[in-house]
Amino acid sequence: MKCCLRQLRTELGLSRVELAELSGVSAYTIGELERESRGPSLDVAMRLASALNVPVEDMFSVTRVGATSTRSS
1108 MKCCLRQLRT ELGLSRVELA ELSGVSAYTI GELERESRGP SLDVAMRLAS ALNVPVEDMF
1168 SVTRVGATST RSS
C-alpha cells in the first residue's frame, strides 16, 4: 500500500507547513510520510484526510503487479 499524501497535498497547493497547521500533524511527520520512511497511524491518517477533505481511503493506493487473475472454471 502506498501513501498518496504528497500528490493530494500538492494538488491542493498546500505546503507541508500549511498542511501541518490544518491537521495538527507536524511538518516533519508529513515529510516522513511523503518519503515513505514510515506509515501513518490511523489517527494521523484520519487527521490528514480531514484536513485534505478526502476520505481516508483516498490517501492510499494499492499497486498490484500482475493484477490479472487466471481462474479455471
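So the mapping is simple: the numbering used here equals the position in the sequence shown, first residue as 1, plus 1107.
C-beta: ideal position from N, C-alpha, C; glycine also.
Asked                                                                                                       : Found
Can you check whether the C-beta of LEU1129 is within less than 7 Å of a C-beta belonging to chain B?       : You won't find chain B in this structure, because it holds only one protein chain.
Rounded to whole angstroms, what's the CA-CA distance from GLU1164 to GLU1118? Just pull it up for me.      : 17 Å
Which residues does DSSP list as the beta-bridge partners of CYS1110?                                       : PHE1167
Would you mind reading off the limits of the alpha helix (DSSP H) that contains GLY1138?                    : 1134–1141
Using beta-carbon positions only, say whether VAL1124 and LEU1155 come within less than 7 Å of one another. : no
Throw me the rounded Cβ distance for the VAL1161 and LEU1129 pair, which I believe falls under 8 Å.         : With 8 Å as the limit, VAL1161 and LEU1129 do not qualify as a contact, their Cβ atoms being about 13 Å apart.
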